[in-house]
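Just below is one structure, and these are the notes that go with it.
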Amino acid sequence: MSAVRCIDLCKTYRQGDVDIKALDHLTVEIEKGEFVCLMSPSGGGKTTLLNAIGGLDIPDSGEVWIAGERIDQMSKGELADLRLANIGFVFQAYNLIPVLTAQENVEFVMQVQGVSSAERRNKSFAILEEVGLKGLEGRRPAEMSGGQQQRVAVARAIVSRPELVLADEPTANLDSKTSTELMELFTELNEHHNTTFVIATHDQRVQAYAKRLVRMLDGRIVDDVEQHAA
Amino acid sequence: MNIVLRLAWRNLWRHARRTWLTIGAMVFSNTLLVFMISLQFGMYGLMIDNTLQVFSGHMQIQAPGYKDDQKMRQVVPKVRPLAAHLRQELGTDLVSARGWAFGLASSEERSYGIGIYGVEPEFEARVSNIPGLIAQGRYLEKEDASEIVIGETLARNLRIGVGDELTLLGSGVDGSFAAAVVNVVGIFNSGVREIDRNIAEMPLGTFQEVFYMNGAGHQVVILAPDLDQAQALQQRVEAMLPADDGLVVHGWDALQPGLRQAIQADMSSAFFMYGILVILVAFSVLNTQLMSVLERTHEFGIVMALGLRPGRLGRLVMLETAMMGFIGLLLGALCGALFTTWFTVNGFSYPGMEEMVANFNLPGRVYPRATLLTMFAGPLVVFVFTLAAATYPALRLHRLHPVEAMRTN
Amino acid sequence: MRMFFVLSRLAWRYLWRNHRRTIVMLSAIAVGTWAMIFMTALTRGMVDQMIVDGISVIPGHVQIHDPEYLDDPSVNNRVAFSDTEIAARFSDAGFTAWASRVRVPAVVTSERESRGVTLLGIDPAAEKSFSFVDYDNVDGRFLEGPDDKGIVLGAKLAETLETRVGKRVVLMSQDPDNEIADRGFRVVGLFHAEMEATEESYTFVGKHTAQNMLRIGDTVTEVVFLGDDYRDVEPVYNKVVGLVDDSVRVSRWTEVDTYLGTMMGMMDGFMLIWVIVIFLALSFGLVNTLVMAVFERIREIGLMLALGMKPSSILGQILIESMMLLAVGLVIGDFLAWATIKPLESGIDISVVAKGMEMFGAASVLYPNLDINDVILSNVVVMILGFFASLSPAWRASRYEPVEAITKV
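Chains as they are written, first to last, in the numbering used here: chain A, 1 to 230; chain B, 231 to 639; chain C, 640 to 1048.
Spelled out as structure tokens, the structure:
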């Protein structure tokens, strides 16, 4: 069973007077434990594909399967549950809830899932330590650097051990040292927990860490290669 | 359009929903204010008219002390010649003499204590609307006829009708026993509870005879052409009175002290409520303008860096507020006017109102009185408070530091 | 429940994120709440006192009359069964207090003046507990029993009649055959009342003395019963109805004095309208605040949706935020109202408009009445209406598409 399976996806946006084909009969399959990098110039469709996989966006046609379940016909509520249980998200920087502390941001998803407070506390402390933020648990996003904020976002995405982590331009707005640290963290998680990673990016430094590179252009896959990690 | 005006106008509509909500608060309050104030003035006018025109007139000449004690012997001597003299001197018919006595009225079946007025049949209709409110029979005609008109409730309680006889028992001006048998010629319905239940009128000539008045009466009632002229007329009348008689002239608010005070009491509670409404609108505006200033901190920082003074920005904020307030003023006055006009035509009433307002001589349905003042007084006050509320956000701009402001997102 | 805590914490934090806006809105809610409760307490105090004073004159919460009596308060319309029978029926029925009385219109005449009054023939011991006359605060003395041969007048009436304790007055009324029934009385006491009108209208004599004078034997015109609470007279009413037949009419005080009855109903209506008006004036600001609060965190809402929070939770979060804002404002407003009303509870002197208040039927000292039920009602109404007003912005917030919201800057 594939972790992700997309069959013949189409999605068209209208921007002004022009129709933009973000996904054009796209088919792709990702196995469990893969570390995939989606690459395209901006507007190439990588964010649309990522959103379709995450159930944030419904394709016009085609099928999306996550861990053997078809999701493109699910209700909003079912999709919400799916994301909550199976998928971790890392967005571009500044995507934390500003009124919550680092630890509370990490706990947020677990809290919605209904994890007991003691367990939440243990897990969130552990995961923050794992991403290197020990001692910063009580800070609010505004009191942290961009890199630190993004680590909190990663911690939040992986704390409930999802099988699939989707990341959209995770290194945008980060300096190169922080980017490297973040990618090493991803790799480590991928190898230790066999977590599937799908990362949309056009950052060269990120590509270097990918085990599979998928290049897109105008909503189609133009190149799909396995590569060995650097 | 001037560029500053255009800028202010466009800024106003950046958050159209917010602006409309704020204007909505103004329109809501203004509509209510216009309607309530019109209704209030309509009621007060009616209260004064009803109370004064039914009976007491705009002023009365009386013996000193009569107003408070209403004793038989506190008389105005030669009351009819005095009234005639005033009519001539003032060149008006709106003067009438009266006497008043308390007596027991007995019909075949019932006896009630009532107030009996002696009036001049010829002139009473000029100062009181009771002669015009005869529901059955006719009003008094001759100065010395043995006839009487009574209120509708009294007639019902006494179980008599037009043509029946009524026996009056009382005491004369000197304390002696007074009695008379008179014919009921008419029954009036004033709509004022107390008057319909307790009052009878008979010709002054007969009255003077029955109660041994010796040509005297108790009051000369004078009506001014309208309420506004009452004050001036009162001064003329005062100057005309013979000095040695020691008579006094009482204006309407002395005759009906409750009326003015009831209006005052009602007004103060009404103004408290209006004040609260205005303050709540002001808070709404303060909130909106504060938000509007805070969210533009970055933008203001840039233009200040370009060399614009905070004072000018402050004026821009005030201008935006004024525009918003002006829309609220116009729409509010318009809605208020429409709303009020509908009630001006159809009248305003609510269940139980008749019981409530009868104490104030009001009918069960009142008509608001819409004037330019009632139309714009409320909205203008709201407008002023709107501007006042915006001064805090406008003044805050002086504390803004361009570089820091630009750094804010 | 777990979700509720998650959402509550978020809502509370978000509330203080833009503390200026929250403080302005809280001030508005607090002022509005204060005005609601303060105004209601004043009006409630006034109306309560009017009703209590009014009932003390009626008196009693439930009365028995001849079916014709209320329309025609004549000696001919007496209670169908004798006073002895009345005593037999009601003495041991367990009423808080009750009394039978003779109440007819009469004329009182002194050497100088005559006035119409209501003659009350009473058994002073029976109605001591609920009479509007404080027996101990009488110039001279109050009646000593149903056979007392003296009369007690109001102080103001005595002044008008130019009489005093120890002098004689004549009381005139009619007997059942409409013969004049009169009798001389020695004035034994002068009572004092809250309102001048009360002092002018009522005179007390012994019940048996009145029965003799009116030649009505062992009969009375009314029986009055006191309950525990004038707001709820049904228990007494039902009990009385169970003890009589169709020959008499049983009335609640609201039917005896329709003005007072209407006032009481009107009071609750007024209060509700006032609460709703204030709420509406506030609602624009409330909705505005929520719209702004949602607008400035669209991205964050998108994020929460993307992380797997359900739209219903977003809806709940905004609603909780709104409810918290209202609740805090209400608490502050309630406290302000309490703090301003407490020092005024010893009474507010409004004697400058005493005559006007008398037209309303109210006394010249106002005792605010902070009724807990009014406070609860206004708070609950605000919360409920606030909930509905918040639905629209909250609904809109929950309808955002996560992708669009998250990319919105």
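C-beta: ideal position from N, C-alpha, C; glycine also. Since the structure is predicted, the reported quantities are computational estimates derived from the model, not experimental observations.
- Check the Cβ-Cβ distances between phenylalanine 513 of chain B and every residue of chain C, and say whether any is below 8 angstroms. Translated into the one-based positions of the second sequence, residue 513 of chain B becomes position 283. Answer yes: the Cβ-Cβ gap between phenylalanine 513 of chain B and chain C drops below 8 angstroms somewhere.
- Item | Minimum Cβ-Cβ distance from isoleucine 429 of chain B to chain C less than 8 angstroms | Taking the first residue of the second sequence as position 1, residue 429 of chain B is located at position 199. No, because no Cβ of chain C sits closer than 8 angstroms to the Cβ of isoleucine 429 of chain B.
- Just reading off the beta strand (DSSP E) that phenylalanine 824 of chain C is part of, what are its end residues? What you label residue 824 of chain C is simply residue 185 of the third sequence in a count that begins at 1. Element bounds for phenylalanine 824 of chain C: 819-830.
- Can you list, in chain order, the residues of its chain whose CB lies under 7 angstroms from that of alanine 230 of chain A, leaving out five sequence neighbours each side? To locate residue 230 of chain A, count along the first sequence from 1; it is residue 230. In this prediction, alanine 230 of chain A has a pLDDT of 48, which is less than 50 and means its spatial position is unreliable; what the coordinates show is noted afterwards. Taken in chain order, the residues that qualify are Ala208, Tyr209.
- DSSP three-state call for valine 28 of chain A: helix, strand or coil? Position 28 of the first sequence holds residue 28 of chain A. In the structure shown, valine 28 of chain A sits in a strand (DSSP, three-state: E or B).
- Continuous alpha helix (DSSP H) assignments of at least 4 residues falling wholly in the segment 701-752 of chain C: 722-729
- Message: Across the segment 366-380 of chain B and the segment 417-425 of chain B, are there enough close Cβ pairs to call them in contact, namely three or more that are closer than 8 angstroms?
- Response: yes
- Item | Chain-ordered neighbours of proline 950 of chain C on chain A, where CB pairs are closer than 9 angstroms | The residue given as residue 950 of chain C occupies position 311 in the third sequence. Neighbours of proline 950 of chain C on chain A, chain order: Lys76, Gly77, Ala80.
- Item | Span separating the alpha-carbon of arginine 215 of chain A from that of glutamate 31 of chain A | Residue mapping note: residue 215 of chain A aligns to position 215 of the first sequence, counting from 1. Residue mapping note: residue 31 of chain A aligns to position 31 of the first sequence, counting from 1. Taking the straight line from one Cα to the other gives about 17 angstroms.
- Query: Along chain B, in chain order, which residues have C-beta atoms closer than 7 angstroms to that of aspartate 988 of chain C?
  - Reply: Start at 1 with the first residue of the third sequence, and residue 988 of chain C comes out as number 349. In chain order: nothing, as chain B lies at least about 13 angstroms away.
- Message: Given this structure, state the Cα-to-Cα distance separating leucine 1030 of chain C from leucine 189 of chain A, to the nearest angstrom.
- Response: For the purposes of this step, residue 1030 of chain C is identified with residue 391 of the third sequence, where counting begins at 1. For the purposes of this step, residue 189 of chain A is identified with residue 189 of the first sequence, where counting begins at 1. When rounded, the distance between both Cα atoms is 43 angstroms.
- Item | Cβ-Cβ separation, leucine 463 of chain B to glutamine 290 of chain B (assumed contact under 8 angstroms), whole Å | Here residue 290 of chain B refers to the residue found at position 60 when the second sequence is read from its first residue. Here residue 463 of chain B refers to the residue found at position 233 when the second sequence is read from its first residue. Not a contact, Cβ separation roughly 12 angstroms.
- Take the Cβ of valine 1048 of chain C as the centre, count every other Cβ of all protein chains shown within 10 Å, and call the residue buried at 16 or more, exposed below. Locating residue 1048 of chain C in the third sequence gives position 409, counting from the first residue. Low per-residue confidence applies at valine 1048 of chain C: pLDDT is 48, beneath 50, and the placement is therefore not dependable enough to give any value.
- Select from the segment 802-826 of chain C all residues with a C-beta closer than 8 angstroms to any C-beta belonging to chain B, and list them in chain order. Met811, Ser812, Gln813, Asn817, Ile819
- Going along the chain, which residues of its own chain have a beta-carbon closer than 6 angstroms to the beta-carbon of serine 179 of chain A, five neighbours each way excluded? In the first sequence, residue 179 of chain A corresponds to position 179, counting from 1. Once the five neighbours on either side are set aside, the close Cβ partners of serine 179 of chain A are Thr171, Arg205.
- Message: Assuming tryptophan 977 of chain C is part of the alpha helix (DSSP H), what are its boundary residues?
- Response: The residue given as residue 977 of chain C occupies position 338 in the third sequence. First-last of the alpha helix (DSSP H) with tryptophan 977 of chain C: 950-980.
- serine 812 of chain C by DSSP, collapsed to three states: which one? Walking along the third sequence from the start, residue 812 of chain C turns up at place 173. Serine 812 of chain C falls in the strand class under three-state DSSP.
- Which of helix, strand or coil does DSSP assign to leucine 56 of chain A? Counted from its first residue, the first sequence places residue 56 of chain A at position 56. DSSP places leucine 56 of chain A in coil when its eight states are reduced to three.
- Message: I need the straight-line Cα distance from asparagine 1008 of chain C to alanine 680 of chain C, nearest angstrom please.
- Response: Numbered from its first residue, the third sequence carries residue 1008 of chain C at position 369. Numbered from its first residue, the third sequence carries residue 680 of chain C at position 41. Between asparagine 1008 of chain C and alanine 680 of chain C, the C-alpha separation is close to 5 angstroms.
- Task: Using alpha carbons as the reference points, say which of C:Ser753, C:Glu818, C:Asp786 lies closest to threonine 799 of chain C.
- Result: Counting from 1 along the third sequence, the entry for residue 799 of chain C is found at position 160. It is C:Ser753.
- Message: Considering only the alpha carbon of each residue, which of C:Arg803, C:Asp773, C:Glu750, C:Gly828 lies closest to lysine 788 of chain C?
- Response: Indexing the third sequence from 1 puts residue 788 of chain C at position 149. Ranking C:Arg803, C:Asp773, C:Glu750, C:Gly828 by Cα distance to lysine 788 of chain C puts C:Gly828 first.
- Query: Can a CB atom of chain A be found closer than 8 angstroms to the CB of serine 1045 of chain C?
  - Reply: Within the third sequence, numbered from 1, the residue matching residue 1045 of chain C stands at position 406. The residue you asked about is not serine; residue 1045 of chain C is isoleucine in the sequence shown. Chain A, which has a Cβ nearer than 8 angstroms to the Cβ of isoleucine 1045 of chain C, makes this yes.
- Query: Any contact of the segment 822-842 of chain C with the segment 715-723 of chain C, i.e. 3+ C-beta pairs under 8 angstroms?
  - Reply: no
- Item | Length of the line joining the Cα atoms of phenylalanine 864 of chain C and valine 887 of chain C | In the third sequence, the residue the question calls residue 864 of chain C occupies position 225. In the third sequence, the residue the question calls residue 887 of chain C occupies position 248. Going from the Cα of phenylalanine 864 of chain C to the Cα of valine 887 of chain C covers about 15 angstroms.
- Message: With a threshold of 8 angstroms between beta-carbons, can tyrosine 708 of chain C be considered close to chain B, or not?
- Response: Numbered from 1 along the third sequence, position 69 holds the residue referred to as residue 708 of chain C. Closer than 8 angstroms: no.
- Item | Any C-beta of chain B under 8 angstroms from that of valine 926 of chain C | Counted from its first residue, the third sequence places residue 926 of chain C at position 287. Answer yes: the Cβ-Cβ gap between valine 926 of chain C and chain B drops below 8 angstroms somewhere.
- Message: Looking only at its chain, what residues have a beta carbon closer than 8 angstroms to the beta carbon of alanine 732 of chain C, apart from the 5 residues adjacent to it on each side?
- Response: Counted from its first residue, the third sequence places residue 732 of chain C at position 93. Excluding positions up to five away in sequence, the list reads Lys878, Leu882.
- Mind pulling the chain C residues with CB within less than 7 angstroms of arginine 244 of chain B? For the purposes of this step, residue 244 of chain B is taken as the residue at position 14 of the second sequence. The premise fails here: arginine 244 of chain B is roughly 11 angstroms from chain C at the closest Cβ pair, so nothing lies under 7 angstroms.
- Task: Write down the C-beta distance between threonine 281 of chain B and leucine 453 of chain B rounded to the nearest angstrom, noting that I regard them as a contact closer than 8 angstroms.
- Result: Counting from one through the second sequence, the residue named residue 281 of chain B turns up at place 51. Counting from one through the second sequence, the residue named residue 453 of chain B turns up at place 223. That pair is no contact at about 13 angstroms.
- Along chain A, in chain order, which residues have C-beta atoms closer than 8 angstroms to that of alanine 1036 of chain C? Along the third sequence, one-based indexing puts residue 1036 of chain C at 397. Correct list: empty, because the minimum Cβ distance to chain A is about 14 angstroms.
- Message: Less than 8 angstroms between the C-beta atoms of proline 598 of chain B and leucine 269 of chain B, yes or no?
- Response: On the second sequence, position 368 is the one that residue 598 of chain B refers to. On the second sequence, position 39 is the one that residue 269 of chain B refers to. Their beta carbons are under 8 angstroms apart, which means proline 598 of chain B touches leucine 269 of chain B by this criterion.
- Message: Would isoleucine 959 of chain C and serine 647 of chain C qualify as a contact pair, given that the criterion is a beta-carbon distance under 8 angstroms?
- Response: If you number the third sequence from 1, residue 959 of chain C lands on position 320. If you number the third sequence from 1, residue 647 of chain C lands on position 8. Result yes, Cβ atoms of isoleucine 959 of chain C and serine 647 of chain C sit closer than 8 angstroms.
- Message: Check whether chain A comes within 8 angstroms of alanine 945 of chain C, counting only Cβ atoms and requiring the distance to be less than that.
- Response: By one-based count along the third sequence, residue 945 of chain C stands at place 306. Yes, because at least one Cβ of chain A sits closer than 8 angstroms to the Cβ of alanine 945 of chain C.
- Query: What number of angstroms, rounded off, separates the C-alpha of valine 257 of chain B from the C-alpha of glycine 699 of chain C?
  - Reply: Along the second sequence, read from residue 1 onward, the residue named residue 257 of chain B stands at position 27. Along the third sequence, read from residue 1 onward, the residue named residue 699 of chain C stands at position 60. Spanning the two alpha carbons is a distance of roughly 48 angstroms.
- Is it the case that the Cβ atoms of isoleucine 616 of chain C and aspartate 896 of chain C are separated by a distance below 8 angstroms? The question about residue 616 of chain C has no answer, for chain C in this structure spans 640 to 1048.
- Query: So, helix, strand or coil for proline 162 of chain A, using DSSP?
  - Reply: As a working mapping, residue 162 of chain A is identified with position 162 in the first sequence. Coil at proline 162 of chain A, not helix or strand.
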